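Asks:
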């Protein structure tokens, strides 16, 4: 059965919109006609689909799944990286701006792509953030990816904050499609626009990132904000600091707050949060196992990727994946405290950037913070800190330095503190 027919059978009313966006609404009935843009796509073609969660993007996405193409969702915001993605992903066809361009006849094969073609399955190619090197091309079996949505679950009116090229954004879309939910495409991914969309459409669930939540806190627009329909905020994709979480919990006392955890390599995992204002979680779900080795989190998941197109397999012989996330344990609960590949070694003592950043973010007026290591002739490395103040804030570096001296051990105190803009990518996470 085609994906479209399956979704129609599951729908309580195919004429009911599943997507609302600026100036548009979209129902399954509106999509009865397959996309004409996909007519020249053959099964097994690797298709770079540049789009968004709008009528055109979703229609093309569903049509390509039914044609058993191997789909690489991309967004216009990172157009500068597209050529890299095309090459790393062995792209045959590019669909963008209403046009289809065949880049090449299918040439050099890759075993993972050939596996999907031999099985007659649709494929999905996503890219890692590239924060520790060149982005990795991650291959999933799209048929297997969709199978996890077959179990009915509650669906709320959800703001589609996460992007078209992000596994979390795809998870939001298909969860809504399979469970008769509604996705609200944001007018813009800015604090005022998001709050306006929540009010205008009765949004119940906001999935977002810690970076955006910090923007929300420092905007001042949450003070006394009237958001009667909002029931749940989920946050993930990067580390959350306790100060921001506590502030959001105070500003939105009626809203549940839950941490998510997922990697493009492993898919979306089920997470249980101990308390709404705490960072302690449990990771699990059907077909998911976790363990901790040398303070690093390892996960084994049935719905994992097939592998990378441009890097060796990261799985060990037993199927375990080392996430490189460093964790602390409290009985069955764990708290993510940093990344193993980001540890700064200062004279033989280890410093977690997140520890320094969290201390800086607790200082009034600091909106974003980024710590990193720099070479030092005496200690090998030292800590440097970049702080972005809130709008209109005159940040005192001397006062901040005194505060950090009170809360951080000597080896973790930044030798250099700068004030400037902390870089964030198109996915609203630090780069």
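Residue numbers (the working numbering): 12 to 442.
For glycine and all other residues, C-beta sits at the position ideal for the given N, C-alpha and C.
Bear in mind that the values here come from a model prediction, so they are computed numbers and not experimental data.
Can you list, in chain order, the stretches of the beta strand (DSSP E) that have 3 or more residues and sit fully within the segment 343 to 377?
Replies: Runs found: 344 to 350, 355 to 357, 360 to 362.
Asks: Skipping 5 residues on each side, what residues in its chain have a beta carbon closer than 7 Å to that of residue 376?
Replies: Taken in chain order, the residues that qualify are 400, 401, 404, 406.
Asks: Closest by CA to residue 328, which one among 335, 311, 322?
Replies: It is 311.
Asks: Could you give the DSSP three-state label for residue 13: helix, strand or coil?
Replies: Residue 13: coil per DSSP, three-state reduction.
Asks: Please classify residue 12 as buried or exposed, where buried requires at least 16 other C-beta atoms within 10 Å of its C-beta.
Replies: So residue 12 ends up on the exposed side.
Asks: Please state the DSSP three-state secondary structure of residue 202.
Replies: Here residue 202 sits in helix by DSSP.
Asks: Once the 5 residues before and after residue 346 are set aside, which same chain residues still bring their CB inside 6 Å of it?
Replies: Answer for residue 346: 290, 291, 339, listed in chain order.
Asks: Please list the terminal residues of the continuous beta strand (DSSP E) segment that includes residue 219.
Replies: Its beta strand (DSSP E) spans residues 216 to 219.
Asks: I'd like to know if the segment 365 to 381 and the segment 419 to 427 are in contact, where contact means that at least 3 CB-CB pairs between them fall below 8 Å.
Replies: In short, these stretches touch, since the Cβ pair count reaches three.
Asks: Is residue 147 helix, strand or coil by DSSP?
Replies: Reduced to three states, the DSSP call for residue 147 is coil.
Asks: Under a CB-based cut-off of 8 Å, is residue 272 close to chain B?
Replies: Absence of chain B from the displayed structure is noted, only one protein chain being present.
Asks: I need the DSSP call for residue 270, collapsed to helix, strand or coil.
Replies: It is a strand residue.
Asks: How big is the Cα-Cα spacing for residue 332 and residue 378?
Replies: Taking the straight line joining both Cα atoms gives about 33 Å.
Asks: So what does residue 399 bridge to, in DSSP terms?
Replies: Answer by DSSP bridge pairing, in chain order: 379.
Asks: On the three-state DSSP scale, how would you describe residue 154?
Replies: DSSP places residue 154 in helix when its eight states are reduced to three.
Asks: Residue 46: which of 415, 109, 353 sits nearest, CA to CA?
Replies: For residue 46, the nearest C-alpha among the options comes from 109.
Asks: Assign residue 126 to one of three DSSP states: helix, strand, or coil.
Replies: The answer is helix: DSSP assigns residue 126 an H, G or I state.
Asks: What are the partner residues of residue 134, as DSSP defines its beta bridges?
Replies: DSSP output for residue 134 lists 81, 152 as bridge partner(s).
Asks: How is residue 316 classed by DSSP in three states: helix, strand or coil?
Replies: Coil.
Asks: Expressed to the nearest angstrom, what Euclidean distance is found between the alpha-carbon atoms of residue 245 and residue 79?
Replies: In a straight line, the C-alpha of residue 245 is about 32 Å away from that of residue 79.
Asks: So the candidates are 225, 67, 267; which of them puts its Cα closest to the Cα of residue 249?
Replies: The shortest Cα separation from residue 249 among 225, 67, 267 belongs to 225.
Asks: Mind checking who residue 31 pairs with in its DSSP beta bridge?
Replies: Partner(s): 36, 195.
Asks: Taking the alpha-carbon positions, what's the residue 198 to residue 358 distance?
Replies: Between residue 198 and residue 358, the C-alpha separation is close to 49 Å.
Asks: Using DSSP with H/G/I as helix, E/B as strand and the rest coil, what is residue 289?
Replies: In this structure, residue 289 counts as coil in the three-state DSSP scheme.
Asks: With respect to the beta strand (DSSP E) encompassing residue 336, which residues constitute its N-terminal and C-terminal limits?
Replies: Element bounds for residue 336: 332 to 341.
Asks: Among the residues of its own chain, which have a CB less than 8 Å from the CB of residue 76, if the five just before and after it don't count?
Replies: If we look at residue 76 and ignore the five residues flanking it on each side, its Cβ neighbours are 14, 82, 133, 153, 157.
Asks: What does the alpha-carbon distance come out to for the pair residue 257 and residue 294?
Replies: Looking at the two C-alpha atoms, the distance is approximately 22 Å.
Asks: Where does residue 342 land, buried or exposed, given buried means 16+ other C-beta within 10 angstroms?
Replies: The residue in question, residue 342, is exposed, as its Cβ has fewer than 16 Cβ neighbours within 10 Å.
Asks: Give every residue of the same chain whose Cβ lies closer than 6 Å to the Cβ of residue 56, excluding the five residues on either side of it in the sequence, and list them in chain order.
Replies: Counting only Cβ-Cβ distances below 6 Å, and skipping sequence neighbours, we find 80, 103, 104.
Asks: Is residue 96 closer than 8 Å to residue 85 when the C-beta atoms are compared?
Replies: In this structure, residue 96 lies closer than 8 Å to residue 85 by Cβ.
Asks: Expressed to the nearest angstrom, what Euclidean distance is found between the alpha-carbon atoms of residue 93 and residue 63?
Replies: For residue 93 and residue 63, the distance between alpha carbons rounds to 15 Å.
Asks: So residue 330 packs on residue 314, CB below 8 Å; how close in whole Å?
Replies: The Cβ separation is near 12 Å, so there is no contact.
Asks: Taking the alpha carbon of residue 354 as the reference point, which residue from 384, 268, 61 has its own alpha carbon closest?
Replies: Closest by alpha carbon: 384.
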